[in-house]
Each structure stands twice: as C-alpha cells, then as structure tokens.
Amino acid sequence: MQAVRLSAIDSASRDALLRRYEIQVYGPAFPDAEIREDPAYWRGLLDADPYPPPPQPLIEVLLLVDPAGDVAGGVTIELYREANAGLLTYISVDATRRGQGLGKRLIAEARAALDRMGSPATPMFAETERLEDARDEAERAATVLRQRQLAGMGARWVEFDYVMPPLRTDTLPHRLHLMLFGGPDRVPAATILALLDELARALGTRLDAFQDTSAMASWLASADMLPVKPLPEGGRG
Numbered sequence: 001m002q003a004v005r006l007s008a009i010d011s012a013s014r015d016a017l018l019r020r021y022e023i024q025v026y027g028p029a030f031p032d033a034e035i036r037e038d039p040a041y042w043r044g045l046l047d048a049d050p051y052p053p054p055p056q057p058l059i060e061v062l063l064l065v066d067p068a069g070d071v072a073g074g075v076t077i078e079l080y081r082e083a084n085a086g087l088l089t090y091i092s093v094d095a096t097r098r099g100q101g102l103g104k105r106l107i108a109e110a111r112a113a114l115d116r117m118g119s120p121a122t123p124m125f126a127e128t129e130r131l132e133d134a135r136d137e138a139e140r141a142a143t144v145l146r147q148r149q150l151a152g153m154g155a156r157w158v159e160f161d162y163v164m165p166p167l168r169t170d171t172l173p174h175r176l177h178l179m180l181f182g183g184p185d186r187v188p189a190a191t192i193l194a195l196l197d198e199l200a201r202a203l204g205t206r207l208d209a210f211q212d213t214s215a216m217a218s219w220l221a222s223a224d225m226l227p228v229k230p231l232p233e234g235g236r237g
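Under full-length UniProt numbering, the letters of the sequence shown match residues 1 to 237, in that order.
Put into structure tokens, the structure is as follows:
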C-alpha cells in the first residue's frame, strides 16, 4: 500500500486521486454535510501559487493507494501558522479494509507531515462527534465505535465544551469533542483559542459571530490549562 502526498504530485494526478477518494472513501465516511468539508477547498490550497498567507493553513492530504489504484484511506492535516498548532481535520478508511492498521498508519503519516510543516513539538488536534448528539441507536453505535478507534490510535479528549466554527455560510456552529494526539496531560487554553480563532478566520467567519462560539471564546480567554483525558466512550467495553 503506497502513501501518496497530494502536494507532491502534479495537478491532474492530484485531481483524479482526490475525486476517487471522495467517491470511494471520504463521502461515505462523512455523510453529514454540516461537518464535511468540501475537498474543493483542499484542492484550492494544494494548487495555490503563490500560497495564501495566514489565516489559511498549510495543508497536506495523504492517501493510501493499493496496487490497483483504489484508495484505501486518507487523512487531511492542516497547520495553523499563527497558532503553531496542527488540526487533523479528516481521517477515513474504506469500510471493507478496516481492522488492518490503516488508521494508525494514516495518523503516523499525518504526524510526519505536521513535523515537516511545523516541528515535532507542534501539537496535533482533531475533532470527533459526541455521543449525546446521536439521533438514533445506529448513530450512537457508530459514535462509540469511532471514539474507541480513535482512542486506539492515541487520541485523547481536551475536556471543555467545544463548538466548531461553521464550515460554510450555509451551515451553523457544531458541537464536537476536540482531541489531542500524543502530547501532555494538560494544554494551554490560549493555544486552543488561538487555533480556533485562526480556523474561524480561515473559514471566512469569526468566533464572535455566533453566540455559542463567542461564549466558548470568552471562556477559553479566562481559562488557564485544560485537562487532556481519555475519550468519554474510548475505553468502554
């Protein structure tokens, strides 16, 4: 299984692989439009020349491609340069290939990419759904499974009431869990606030534009260190 860095290949090959990934893996893994980023945004950054300044992040999309040319999985990692913080925005593995260690390999590839874009000391955050937001038993089961899988790959929960800024003008803020891969047992609230402020501006909005994100920002501004704990459903049998 070959790991392909989309930033390292030509534009035509990149577009073809990205379309294949969207159809085969990414789209089915993230059916909720409110939390699914349009791959056209990634393509725009990867194709940009010159590259846009902050708040737009440095980005890498890594795909695992089998000898037949099918995409087995992928991960998107972004470096927010002002905050000096990484955000692993999406990771997905083809449903027929789960349980083969591909998720762990993708996490390792994302970490290596973040090391190149930033440094080994740059924290790598990510997001996942909350159990309390599941609409039915199927969603509850999927959320529990995903948290267990993420915990197995080294993700832990940054314990605070996280509200993701809206990804597009036709969506609203969305409550999720913010996670950290590796790192210490506490992280500065100032780091989180800087990351989320830069993320919001990159998405064309502001944290103070919505009541929930504004309240979160105010709380983070008054906080000191945030505990990093096991995911709520990550260790339950």
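Backbone N, C-alpha and C fix where the C-beta goes; we use that ideal spot for every residue, glycine too.
For clarity, every value in this text was computed on a predicted model and none was experimentally measured.
Continuous alpha helix (DSSP H) stretch holding residue i: start and end
| i | result |
| --- | --- |
| M216 | Q211 to S222 |
Terminal residues of the beta strand (DSSP E) in which residue i lies
| i | result |
| --- | --- |
| residue 238 | Any property of residue 238 remains undetermined from this structure, which presents the chain solely from 1 to 237. |
| A85 | A85 to V93 |
| T205 | Unbroken run through T205: none, as it is neither H nor E. |
| P31 | Taken as a continuous stretch (DSSP letters only), P31 belongs to no beta strand (DSSP E), as it is neither H nor E. |
| residue 239 | For residue 239 there is no data in the structure shown, the boundaries of the chain being 1 and 237. |
Assigned secondary structure, residue i (DSSP; H/G/I helix, E/B strand, else coil)
| i | result |
| --- | --- |
| Q100 | coil |
| I59 | strand |
| residue 239 | Given that the chain is displayed from residue 1 to residue 237, the structure contains no residue 239 and the question cannot be resolved. |
| P67 | coil |
| M164 | strand |
| M124 | strand |
| R43 | helix |
| L18 | helix |
| R130 | coil |
| R105 | helix |
| R36 | coil |
| E233 | coil |
| D170 | coil |
| I9 | coil |
Residues bridged to residue i [DSSP beta-bridge criterion]
| i | result |
| --- | --- |
| L145 | None; L145 has no bridge partner. |
| A155 | F181 |
| V228 | V158 |
| L176 | Y162 |
| V4 | L63 |
| R186 | P227 |
Residue environment, residue i, which counts as buried when at least 16 other CB atoms sit within 10 Å
| i | result |
| --- | --- |
| G237 | Reliability of the predicted coordinates at G237 is poor, the pLDDT of 47 falling under 50, and the value obtained from them is presented with this limitation in mind. Classification of G237: exposed, given that the 10 Å Cβ count is below 16. |
| A221 | exposed |
| E198 | buried |
| S92 | buried |
| A138 | exposed |
| L145 | exposed |
| Y26 | buried |
| T89 | buried |
Option nearest residue i by Cα separation, candidates the options
| i | options | result |
| --- | --- | --- |
| I35 | M225, R130 and R156 | R130 |
| E22 | A8, E37 and I9 | E37 |
| G74 | F160, I59 and G103 | G103 |
| A215 | V71, P67 and L196 | L196 |
| G204 | Q56, I91, S7 and P50 | Q56 |
| D10 | F181, G183 and L46 | L46 |
| I77 | D115, G101 and G234 | D115 |
| L172 | L150, R97, G183 and Q211 | Q211 |
| W42 | R146, L79 and V144 | L79 |
| R14 | V61, P31 and G27 | V61 |
| P230 | A134, V163 and L180 | L180 |
| D185 | A40, A142, E159 and P39 | E159 |
| V65 | H174, P120 and R20 | R20 |
| I107 | G182, Q24 and P52 | G182 |
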